[in-house]
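**Q** Each number in my numbering corresponds to the 1-based position in the sequence shown with 46 added. Beta carbons are placed, not taken as given, at the ideal position from N, Cα and C, and that holds for glycine. Only a predicted model underlies this, so the values are computations on that prediction, with no experimental measurement involved.
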Amino acid sequence: MLSYSSSILIALAALLVTCHALCKCPGIAGPPGIPGGDGLKGLPGSLAAKHHSVLANLKHRLFRLEAALALNGKIRKVGEKILASNGKKVDFVSALKSCEEAGGTLAAPKNEEENKAIMDIVKQYNQYAYLGIRKGEASGQFRYINGMPLNYINWHQHEPNSKGKEKCVEMYTDGTWNDKKCDRNRLTICKF
Ligand code: MMA
Ligand code: CA
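1. Which one or two residues does DSSP pair with Phe138 in a beta bridge?
2. With DSSP run on the structure shown, which of helix, strand or coil describes Tyr218?
3. I'd like the span of the beta strand (DSSP E) that includes Asp225, first residue to last.
4. Counting only the same chain and skipping the five closest in sequence on each side, list residues whose C-beta sits under 7 Å from that of Ser208.
5. Just checking Glu212 against ligand 2 - is the residue's beta carbon closer than 7 Å to any of the ligand's heavy atoms?
6. Please report how far the alpha carbon of Ile23 lies from the alpha carbon of Val100, in whole angstroms.
7. At a cut-off of 7 Å, would you count Asp166 as near ligand 2, judging by its Cβ distance to the nearest heavy atom?
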């Protein structure tokens, strides 16, 4: 199991590699040519130290950025995940599309802690939200957007009652779930 800080470092390393490849990160120069160099193997000590300080700096900036965004309620951190809403109320397909276009997906709680974090946003906007869960055409079962079966549920009493064609799921302000038609306007909450 990787620690949180190792995961951040790995993510930053991947980001750096991408940045170098794309050459579009301001303030980060590409690595100088390394004779006989092969990736990170065989880097001179000075270069390894430089990479280490660049990573430490990025980690620090990322930490402060997340703290600033969390402070004013723009994002919520839960475990390794970041939750955010654009404050918009739209139908399920539009909500999912806007999350995916932003590089995330519709939030779906995988445990009580995540359910509480999503509920906090529902309460913040005082609007029911669509969850990243829908009824599979073939299985007739509620599943995550990626097709995996649910490993946590928090249905409201007497739900799901599948009145008519309720193939989507909304979260109420108390954090419980209701199966609901997908064409209603509900708050968009994305997971990144
Ligand atoms: C509405 C609709 C359903 C929900 C019931 C609960 C009348 O239908 O939101 O999805 O199950 O209310 O009473
Ligand atoms: Ca229902």
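**A** If we stick to the structure as given:
1. Phe138 pairs with nothing; no bridge assigned.
2. coil
3. Trp223 to Lys226
4. Asp225
5. yes
6. What the structure shows of the chain is the stretch from 47 to 238, and residue 23 is not part of that stretch, so it cannot be assessed.
7. no
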